[in-house]
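One structure is given below, encoded as structure tokens.
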Ligand SMILES: Nc1ncnc2c1ncn2[C@@H]1O[C@H](COP(=O)(O)OP(=O)(O)O)[C@@H](O)[C@H]1O
Ligand SMILES: [Mg+2]
């Protein structure tokens, strides 16, 4: 530990490959270390993310595995090219028998830090998360790559555009690739992945595209329950994860997630696109149900009073407000009817009273100019007389 620290401290300020000036140590794990470094050959000196392959073990087989992981990450990230879904590979080099990999630095925070609060996410947030990560899986799977370590700490939310970026391809598997030979050895079967996110077939060294879908399903369960899935139990009858009782979300979303985390990978969604389609289908269904509800309420309202169609947007609260409007409209109409019914007799009574006064007192002679002048002195009377 102390030795490590001394070695690490000496690396800060060092120029690697005559180009990358180490400015900070990020992490130190059993297979290597990571740093932030400045690219001094670039005019803008951008910060890069450097991974150093440096196994701390003397076990030759593990050293071989670590080297394989390094080569795999380099090969896979370079094969994926420039994509907004993964960090760009900038360089690989070896120096003093140590291997380095330089990546584009993603400024952001991990999904892990978003989950660390332990809050339970809303259904819509989880659907959005799935719809963000599934296209990344679609992308890597379309290149024949299984990531095998999908988990919150391997997803960075980039601050620039708030999009998620998938990192850490050290244990990824390139289908039909010679890098896999290590797993075919009779003596050793390397199990890669993270407990909790790793499905049973992966734990038996038989990962498939569905293994990444399983891991993402587990992340979805963690966001909904606010719990680490390692704390959840399996149903003794079905052998499936038991989690539904902890959440209050639609049965449709539960069914989709359950199909993602099925123990039998044959019963799981076979591709990320399939899950996306299922989510889209569910959202369409939700929308048409809401539309129907709105139409029903609107037509009730139109029967009594016209409604400004612009105000008919798409939320449930609107439906509630339509209910309320409906009720207040009724009260308003009743009020008008009652006031008309009560004011008319009073007005008629006053009118009749004034008419009586006009006819019983000095009834003017329309042909006499004097009487015309006299009448014109009182507008009110005049008007009433005139009207009559
Ligand atoms: N390209 C990158 N840009 C910024 N940070 C990164 C990048 N790659 C990795 N990290 C950070 O370093 C941590 C460890 O890197 P990772 O590739 O996951 O290695 P490992 O998990 O094998 O130690 C990540 O959780 C993330 O916080
Ligand atoms: Mg990682």
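Residue numbers (this note's numbering): 349 to 736.
Ideal placement from N, C-alpha and C gives every residue a C-beta, glycine not left out.
Can you list, in chain order, the residues of its chain with a C-beta nearer than 8 Å to that of residue i? Leave out the 5 residues immediately preceding and following it.
| i | result |
| --- | --- |
| residue 350 | Residue placement at residue 350 is flagged as unreliable, the pLDDT there being 44, under the threshold of 50; a coordinate-derived value is accordingly withheld. |
| residue 506 | 454, 455, 456, 512, 513 |
| residue 340 | Here the chain has residues from 349 to 736 only, and residue 340 is not among them. |
| residue 489 | 557, 560, 619, 620 |
| residue 602 | 592, 595 |
For residue i, does the count of other Cβ atoms within 10 angstroms reach 16, so buried, or fall short, so exposed?
| i | result |
| --- | --- |
| residue 565 | buried |
| residue 432 | exposed |
| residue 659 | Because the pLDDT at residue 659 is just 45, under 50, the model does not fix this residue reliably, and the value given afterwards should be weighed accordingly. Exposed. |
| residue 374 | exposed |
| residue 519 | buried |
| residue 663 | Residue confidence for residue 663 is low, a pLDDT of 44 falling below 50, so the modelled location carries little weight; the figure read from the coordinates is stated next. Looking at its Cβ environment, which holds fewer than 16 other Cβ atoms inside 10 Å, residue 663 is exposed. |
| residue 586 | exposed |
| residue 628 | exposed |
| residue 645 | buried |
| residue 446 | exposed |
Does ligand 3 have a heavy atom nearer than 7 Å to the CB of residue i?
| i | result |
| --- | --- |
| residue 365 | This structure simply doesn't include ligand 3; it includes ligand 1 and ligand 2 instead. |
Could you pull out every residue in the same chain whose Cβ sits closer than 7 Å to the Cβ of residue i, ignoring the five residues on either side in sequence?
| i | result |
| --- | --- |
| residue 389 | 367 |
| residue 467 | 574 |
Provide the residue(s) that pair with residue i in DSSP beta bridges, ordered along the chain.
| i | result |
| --- | --- |
| residue 386 | 369, 395 |
| residue 506 | 456 |
| residue 582 | 589 |
| residue 758 | Because the chain spans 349 through 736 in this model, residue 758 falls outside it and cannot be assessed. |
| residue 521 | 494 |
| residue 514 | 503 |
| residue 364 | 368 |
Enumerate in chain order the residues of its own chain whose CB-to-CB distance from residue i is below 6 Å, with the five nearest sequence positions on each side excluded.
| i | result |
| --- | --- |
| residue 523 | 492 |
| residue 630 | 600 |
| residue 709 | The pLDDT assigned to residue 709 is 48, lower than 50, so where the model puts this residue is not dependable; a value taken from the coordinates is nonetheless given after this. Excluding residues within five positions, none has a Cβ falling inside 6 Å. |
| residue 610 | 616 |
| residue 726 | Reliability fails at residue 726, whose pLDDT of 37 lies under 50, so the model's placement of it is uncertain and the value that follows must be treated cautiously. Excluding positions up to five away in sequence, the list is empty. |
| residue 639 | none |
Have a look at the options and flag the residue whose alpha-carbon is nearest the alpha-carbon of residue i.
| i | options | result |
| --- | --- | --- |
| residue 444 | 471, 489, 365 | 365 |
| residue 559 | 545, 360, 582, 385 | 545 |
| residue 415 | 638, 587, 440 | 440 |
| residue 596 | 574, 476, 588 | 574 |
| residue 502 | 510, 516, 570 | 516 |
| residue 589 | 562, 622, 409 | 562 |
- Message: Runs of 3 residues minimum, wholly inside the segment 393 to 471: which ones carry the beta strand (DSSP E) assignment?
- Response: With a minimum length of 3 residues, the continuous beta strand (DSSP E) runs that stay inside the segment 393 to 471 are 395 to 401, 437 to 443, 446 to 452, 456 to 458.
- Query: Hey, which unbroken runs of the alpha helix (DSSP H) at 4 residues or more fall wholly within the segment 590 to 614?
  - Reply: 599 to 608
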